[in-house]
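Asker: The working numbering numbers the first residue of the sequence shown as 441 and each following residue consecutively.
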Amino acid sequence: MDFDYQSMRTFADSWGLLYMFLIFVGVVVWAFRPGSKKMSEDAANIPFKENE
Numbered sequence: 441m442d443f444d445y446q447s448m449r450t451f452a453d454s455w456g457l458l459y460m461f462l463i464f465v466g467v468v469v470w471a472f473r474p475g476s477k478k479m480s481e482d483a484a485n486i487p488f489k490e491n492e
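1. Consult DSSP for Lys478 and reduce its assignment to one of helix, strand or coil.
2. Straight-line CA distance for Ile463 to Arg449?
3. In whole angstroms, what separates the C-alpha of Lys477 from that of Val467?
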């Protein structure tokens with residue numbers, strides 16, 4: 441199979457776009473899943489913790 445510029449661009453325009461969209465949706469779902477609020481708050485408060 442010969443991969444020239446036009447065939448690679450056609451693939452990227454169709455399946456590449458779908459792949460990147462699915463990754464985006466996965467990251468958004470992961471960030472807003474139940475239980476992630478506590479982890480996000482803990483990470484946000486790291487600079488305010490005292491050195492022990």
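Even for Gly, the Cβ is constructed at its ideal location relative to N, Cα and C.
Answerer: Taking the coordinates as given:
1. Stepping through the sequence shown from its first residue, residue 478 is reached at position 38. Lys478 falls in the helix class under three-state DSSP.
2. What you label residue 463 is simply residue 23 of the sequence shown in a count that begins at 1. What you label residue 449 is simply residue 9 of the sequence shown in a count that begins at 1. Cα-Cα distance, rounded: 20 Å.
3. Here residue 477 corresponds to residue number 37 of the sequence shown, with the count starting at 1. Here residue 467 corresponds to residue number 27 of the sequence shown, with the count starting at 1. So the two alpha carbons sit approximately 15 Å from each other.
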